[in-house]
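For the sequence shown, the residue numbers in mature numbering (1 follows the signal peptide of the UniProt record, and there is no 0) are -20 to -1, 1 to 103.
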Amino acid sequence: MKSFVAVFAVVALVVASVMAAPQQGQDATPIPIVSQSSNQNPDGSFNYAYESANGIKVQSDGEAKQIQVQKEDGTGSEQAVVSVQKGSYSYNAPDGTPISVQWTADENGFHAQGDHLPVAPIA
């Protein structure tokens, strides 16, 4: 039994070292950022954008918004501050298809739209 445990431990160490080895054939060329902007305002609003040399484009802006929410104890409502954001990103899929997504995130959740995304049927 001790020899089985020893052999198992050696095999586990060999497998772990092989898995931790650097992967061969991976493209390790850094992709430069060709443009970038970022603004953070005292009121909590912000915007940022960047574009990389391989055609990826990202843009986002956000602000704090006050909304009415029901109190946890159910005795009425109170003001709450939520982050409201909107943005977009685009890139080319491996097959060359352009992918573009516009999104919003607010008190109603995250909503993404793009020609490649399925649309739920109207109920």
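By construction, the Cβ of each residue, glycine as well, lies at the ideal position given by its N, Cα and C atoms.
Coil, strand or helix - residue i by DSSP
i        : result
Asp86    : strand
His96    : coil
Val(-16) : In this prediction, Val(-16) has a pLDDT of 48, which is less than 50 and means its spatial position is unreliable; nothing more can be read from the coordinates.
His91    : strand
Integer-rounded CB distance, given that residue j should sit under 8 Å from residue i
i     : j     : result
Val64 : Gly89 : About 12 Å; that fails the 8 Å criterion.
Ile47 : Tyr30 : Incorrect: roughly 30 Å between the Cβ atoms, too far for contact.
Closer than 6 Å: residue i CB and nearest the ligand GTP heavy atom
i     : result
Glu52 : Absent from the structure shown: the ligand GTP. Ligands present: none.
Proximity of residue i and residue j at Cβ, strictly below 7 Å
i     : j     : result
Ser40 : Gly67 : yes
Ala73 : Ile79 : yes
Ala92 : Val99 : no
Asn19 : Asn27 : yes
Neighbourhood of residue i by C-beta, 7 Å cutoff - its chain only, sequence neighbours within 5 removed
i     : result
Gly24 : Glu43 and Ala44
Gln50 : Ser57
Contacts around residue i, its chain only, beta-carbon distance under 6 Å, and the 5 residues preceding and following it disregarded
i     : result
Gln16 : Tyr30
Val61 : Ala44 and Gln46
Q | Whole runs of the beta strand (DSSP E) within the segment 9 to 82, excluding any shorter than 3 residues | A | As far as the segment 9 to 82 is concerned, its whole beta strand (DSSP E) runs of at least 3 residues are 13 to 20, 26 to 32, 37 to 50 and 57 to 72.
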